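Using the numbering used here, read the sequence shown as starting at 6 and increasing by one per residue.
For glycine and all other residues, C-beta sits at the position ideal for the given N, C-alpha and C.
Small disclaimer: the values here were computed from a predicted structure and weren't measured.
Since the structure comes first, as structure tokens, the remarks are kept for the end.
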Amino acid sequence: MTPDAAGTNNPRPNPPGSARLSLSPELLAAVRRVAGTEHLLVAMDFDGTMSPLVDHAGDARPLPRAAAAFAELAALPRTTTALISGRALASLRAVASPPENTLLIGSHGAEAWMGPGSSELQLDDAQRELLAEIRQELAGIVDQAPGTLLEDKPAGVVLHTRLADDDVAEDAVAAARAVLQDRGGVFLKTGNRVLETSVVHASKGEGVAFLRQATGATAVAFAGDDTTDEDALGSLVTGDLGVKVGLDFTQAEFRVESPVHVGELLEALLRERKKAVEPGS
6 MTPDAAGTNN
16 PRPNPPGSAR
26 LSLSPELLAA
36 VRRVAGTEHL
46 LVAMDFDGTM
56 SPLVDHAGDA
66 RPLPRAAAAF
76 AELAALPRTT
86 TALISGRALA
96 SLRAVASPPE
106 NTLLIGSHGA
116 EAWMGPGSSE
126 LQLDDAQREL
136 LAEIRQELAG
146 IVDQAPGTLL
156 EDKPAGVVLH
166 TRLADDDVAE
176 DAVAAARAVL
186 QDRGGVFLKT
196 GNRVLETSVV
206 HASKGEGVAF
216 LRQATGATAV
226 AFAGDDTTDE
236 DALGSLVTGD
246 LGVKVGLDFT
256 QAEFRVESPV
266 HVGELLEALL
276 RERKKAVEPG
286 S
């Protein structure tokens with residue numbers, strides 16, 4: 006068990022009917038601190054953070070409180086909003102409906118949209134051939150594993166196991182790893198009931214670093230729930246704010262229990278950021 010923000014062990018899930026975790030005084034103090042920076046980058050994971058996890062990826066939508074606060078942050082001076090997701094950019098736009106000026110990082114950092122005129126990801130011939138081979142291998146595994154399915158991305162293929170029985174899911178992931186983990190040019194990531202494959206080496210940590218440099222941000226606020234978000238949380242520096250969503254192991258200094266509390270987090274950040282950039286608000 007890792008220490009929480011107050012220095013105690015991580016709390017166990019609350020029993021039905023009990024009060025759920027909310028924002029701790031220590032987290033609120035950190036929100037006030039980061040909100041006072043010169044140029045703030047608010048970078049959020051989407052699935053499991055802005056939106057609850059769902060069985061079918063196309064059904065995901067941001068929770069209303071989180072979406073509203075995020076949109077208001079996007080409109081503030083000296084404040085940049087971004088979504089950093091494992092989803093392909095087209096999928097992320099479809100489910101997140103981000104504010105027009107929100108920057109987007111997709112496919113765990115392999116894709117980036119920095120505004121009108123941004124170039125699309127281009128694979129070379131060798132990468133395209135390798136991607137076709139990966140898909141063929143994974144399709145053969147899915148044929149033998151009921152409840153699993155594939156999702157195509159511009160630089161990879163995702164093996165989804167959320168709808169499969171646990172033993173089937175474990176066997177499918179093990180089979181995929183056995184075939185692909187030692188293949189040159191193939192990069193694997195494990196997430197919540199998914200195995201991500203890609204022919205482009207990228208991470209959410211690299212995505213945060215890229216956005217920080219591109220926007221000139223003097224501090225970053227990032228929240229995420231998945232193991233792949235640990236790359237981003239681990240890339241944060243002194244003066245940033247990292248928040249884990251959920252009770253899994255994390256290197257983040259702070260956590261909230263569920264996406265419901267992400268709306269509260271963003272509202273607190275919005276309230277404090279307005280004070281910093283709109284004197285008298």
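Secondary structure in the segment 78-134: the beta strand (DSSP E) runs of 3 residues or longer, each lying completely within the stretch, are 84-89, 108-111, 116-118 in chain order.
Counted as a single uninterrupted DSSP element, the beta strand (DSSP E) harbouring E201 occupies residues 199-203. By the Cβ test, the segment 28-42 is in contact with the segment 231-246, since at least three Cβ pairs between them sit closer than 8 Å. In the three-state reduction of the DSSP assignment, S240 falls in the helix class, which pools H, G and I. Its chain contains P104 as the residues whose beta carbon lies nearer than 7 Å to that of A76, once the 5 sequence neighbours on both sides are disregarded; these appear in chain order. 7 Å or more divides the Cβ of E269 from the Cβ of L45.
Relative to I110, the option among L168, L78, E211, L136 whose CA is nearest is E211. Straight through space, the alpha carbons of V250 and G190 are spaced by roughly 32 Å.
Cβ neighbours of D187 within its own chain (closer than 8 Å, five residues either side excluded): none. Contact check between the segment 168-184 and the segment 209-226: fewer than three CB pairs, one atom from each, fall below 8 Å, which does not count as touching. The bridge partners DSSP lists for M49 are L88, A228. Take the alpha-carbon of T42 and the one of P82: they are about 12 Å apart. Between the segment 275-285 and the segment 59-68, the count of C-beta pairs closer than 8 Å stays below three; the two stretches do not touch.
Of the candidates A273, E134, K279, A228, A228 places its Cα closest to the Cα of F259. Here E134 is exposed, its C-beta having fewer than 16 other C-beta atoms within 10 Å. Taking a C-beta distance under 7 Å as the contact criterion, S203 and G161 qualify as a contact pair.
E156 carries a strand assignment under DSSP once its states are collapsed to helix, strand and coil. Per DSSP, L193 is one residue of the beta strand (DSSP E) stretching across 192-196.
From the listed residues V265, G91, A115, D253, the smallest Cα separation to H206 is found for A115. Counting along the chain, the unbroken alpha helix (DSSP H) around L275 starts and ends at 264-282.
Spatial neighbours of P30 in its own chain (CB-CB distance under 7 Å, excluding positions within 5 residues in sequence) are not present.
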